[in-house]
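Protein chains in written order, with our numbering: chain A, 1 to 372; chain B, 1001 to 1090.
Don't be surprised by glycine CBs; every beta carbon is placed ideally from N, CA and C.
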Amino acid sequence: MSDSPRPLWLLAELTYACPLQCPYCSNPLDFAAHGAELSTEDWLRVLREARTMGATQLGFSGGEPLARRDLDTLIAEARKLGYYTNLITSAVGMDAERVARFREIGLDHIQVSFQASDAELNDLIAGTTSFQHKLDMARAVKANGFPMVLCFVLHRDNMDRVDDLLELAKSLNADYVELATTQYYGWAWVNRDRLMPTREQLEEAEQITNRFREERAGDMKIYYVVPDYYETRPKPCMNGWGQMFLTIAPDGTALPCHAARQLPGLSFPNVRDASIDDIWHRSGAFNHFRGYDWMKEPCRSCPEKTKDFGGCRCQAYMLTGDAANADPVCDKSPFHDRVLSAIDTRDQRLTEVVEKPLVFRNPKNSRALSQP
Amino acid sequence: MNDQADQQPVRLAPTYRFQWEEAQQAHVLLYPEGMIKLNGPAGEILKHCDGTRTEAQVIETLRQQFPGHDDLDDDVRAFLSEARAKGWVS
Chain A
1 MSDSPRPLWL LAELTYACPL QCPYCSNPLD FAAHGAELST EDWLRVLREA
51 RTMGATQLGF SGGEPLARRD LDTLIAEARK LGYYTNLITS AVGMDAERVA
101 RFREIGLDHI QVSFQASDAE LNDLIAGTTS FQHKLDMARA VKANGFPMVL
151 CFVLHRDNMD RVDDLLELAK SLNADYVELA TTQYYGWAWV NRDRLMPTRE
201 QLEEAEQITN RFREERAGDM KIYYVVPDYY ETRPKPCMNG WGQMFLTIAP
251 DGTALPCHAA RQLPGLSFPN VRDASIDDIW HRSGAFNHFR GYDWMKEPCR
301 SCPEKTKDFG GCRCQAYMLT GDAANADPVC DKSPFHDRVL SAIDTRDQRL
351 TEVVEKPLVF RNPKNSRALS QP
Chain B
1001 MNDQADQQPV RLAPTYRFQW EEAQQAHVLL YPEGMIKLNG PAGEILKHCD
1051 GTRTEAQVIE TLRQQFPGHD DLDDDVRAFL SEARAKGWVS
């Protein structure tokens, strides 16, 4: 009974609307073409059904969840149902009054993203002037007694300033810092060559982080999300397909992970047409890569398959063209060289002449990139 | 365990929420984007760490609840010492 998979983690992507334009956004490239957002009633039903099945952690995400006008209603109901409610936000669209109101209605935690440790780079990456506001809001989050996670997505342009990022987090009294090296999905995939740090950058950032943890961190916990391109074994993506993670996209599409929508040949169910119970237990899409029967070699006979589940289906698809292949991050994969060849050393970078511009995540670029 | 700590009420750290999960038939500790599933004894101990009882009072309450467990005292102290180290309680 305790072994049967259960959607313990529900990620509610309330909207694709967002005032920021981060070029590493994990939203789909064609977000501008997606259908109408779910109604408040639909979301309330989703929350109730998933909770009955055991969902405990609930992330309100997007896009920017603050852009949804019924956010307060959804938070209050989620808290009543017993969820631990996480608001994953850029803080753009929030003011001190709203933070206090979130506390009153029972929100448990706020994760604020920063794009850099200084206004210039932060606002450049975000595509909007937001740094000072983020500082003010991070202080308001703490002043209202919330636990606070600060999230920094690391890439080539901010990785050399990891010590500044950590000092900033410390000065804002963050409880947790997430240093998330860019994962190459969605918009980050389009900008991969431009965002990918060199091996040397990565090693230095890791050393600085470890030193900070020992000498300066105190009670502040630091999560360093390992950049899988530099590894020889894949990450246990989502703890296995359809094992504990459920994403509901703004239009109601149910996904085993927020990037899965791009996988061909799968028909993802929609909460407008089916119950969460049906979707989780009986839909073709959620059963497709469940367990081990779908695996090909080298995964099928690999003793490590129970540990990493063959890695990430989306990465396998993007890099090899077949989602049932081993994640090529694994050095047992015959396609592992495709990962290696994407990583530059500093020497190579110095000789590189032509710089590709960043493609920012906005509706105009979304429409341009989703032309057939 | 020093005397000073023994006189302070034991309370859950503010970054954690403690609750019973019907679907898992277990108590859990919830924190930003994470969950710790507790075994039976850990759940019973943390239930009483609500800021109204000292460690000695938590032990006394559990003694009354589970009579006949002579080694309970050491087990609870060991668990709470670990829970403090992990930042679950203060």
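- Residue ranges of uninterrupted beta strand (DSSP E) with 3 or more members, entirely inside the region 40-72 of chain A and ordered along the chain, are 57-61.
- Collapsing the DSSP output to three states places T320(A) in a helix.
- Going by beta carbons, V153(A) and Y24(A) fall inside the 8 Å limit.
- In terms of CA proximity to V1089(B), E1055(B) leads the group E1055(B), D1070(B), P1067(B).
- Contact between Q201(A) and D160(A) holds, since their C-beta atoms are separated by about 6 Å, short of 8 Å.
- Inter-residue distance for I279(A) and Q1007(B) is about 52 Å (C-alpha atoms, whole angstroms).
- Taking C-beta atoms as the reference points, E13(A) and A285(A) fail to come closer than 8 Å.
- In this structure L1012(B) does not touch Y84(A) by the C-beta definition: roughly 14 Å separates them, more than the 8 Å allowed.
- Contact annotation for T1054(B) against chain A: no contact, minimum CB-CB distance about 23 Å [criterion: below 7 Å].
- With respect to the 8 Å criterion, N144(A) and Q111(A) are not classified as neighbours on the basis of their beta carbons.
- For V153(A), the secondary structure class from DSSP, reduced to helix, strand or coil, is strand.
- A distance below 8 Å separates the beta carbons of F245(A) and P256(A).
- Closer than 8 Å at the C-beta level to chain A, one finds these residues of the region 1033-1045 of chain B: E1033, G1034, M1035.
- What R6(A) touches in chain B, judged by beta-carbon distance under 7 Å, is A1023, going in chain order.
- Under the three-pair Cβ rule at 8 Å, the region 321-331 of chain A counts as touching the region 298-312 of chain A.
- Residues of the region 225-245 of chain A with a C-beta less than 9 Å from any C-beta of chain B: none at all.
- Around the CB of G59(A), 16 or more other CB atoms lie within 10 Å, so the residue is classed as buried.
- Close partners of P147(A) in chain B (Cβ separation under 9 Å): P1014, T1015, Y1016, Y1031, P1032.
- Counting every other CB atom within 10 Å of its CB across the protein chains shown gives P303(A) a total below 16, marking it as exposed.
- Its chain contains P5, G240, W241, G242, Q243 as the residues whose beta carbon lies nearer than 8 Å to that of R290(A), once the 5 sequence neighbours on both sides are disregarded; these appear in chain order.
- In this structure, G252(A) lies near D42(A), with their beta-carbon atoms less than 8 Å apart.
- Distances from the alpha-carbon of P234(A) to those of C312(A), R98(A), V92(A) put C312(A) closest.
- With fewer than 16 other beta carbons inside 10 angstroms of its own, H1069(B) counts as exposed.
- Residue pairing of M1035(B) in beta bridges, as defined by DSSP: L1030(B).
- For the pair A76(A) and I88(A), the Cα-to-Cα distance works out to about 16 Å.
- Shown here, Y229(A) sits in a helix according to DSSP, grouped into three states.
- In the pairwise beta carbon analysis, the region 164-175 of chain A is classified as touching the region 116-129 of chain A: at least three pairs are separated by under 8 Å.
- Cβ neighbours of Y317(A) within its own chain (closer than 6 Å, five residues either side excluded): L263, A323.
- In chain order, L1072 place their CB closer than 7 Å to the CB of F1066(B), counting only its own chain and leaving out the 5 sequence neighbours on each side.
- Within 8 Å of the CB of V1028(B), the CB atoms of chain A belong to T56, in sequence order along the chain.
- For F1018(B), the enclosing beta strand (DSSP E) has its first and last residue at 1017-1021.
- When 9 Å is used as the limit between beta carbons, Q1019(B) is near these residues of chain A: T56, G82, Y84, in chain order.
- Residue-level contact by beta carbon fails for D164(A) and chain B, as no gap is shorter than 8 Å.
- Residues of chain B whose Cβ lies closer than 9 Å to the Cβ of M53(A) are, in chain order, A1023.
- Rounded to whole angstroms, the separation of the alpha carbons of W187(A) and A1078(B) is 49 Å.
- Just so you know, the alpha carbons of V339(A) and E204(A) end up roughly 21 Å apart.
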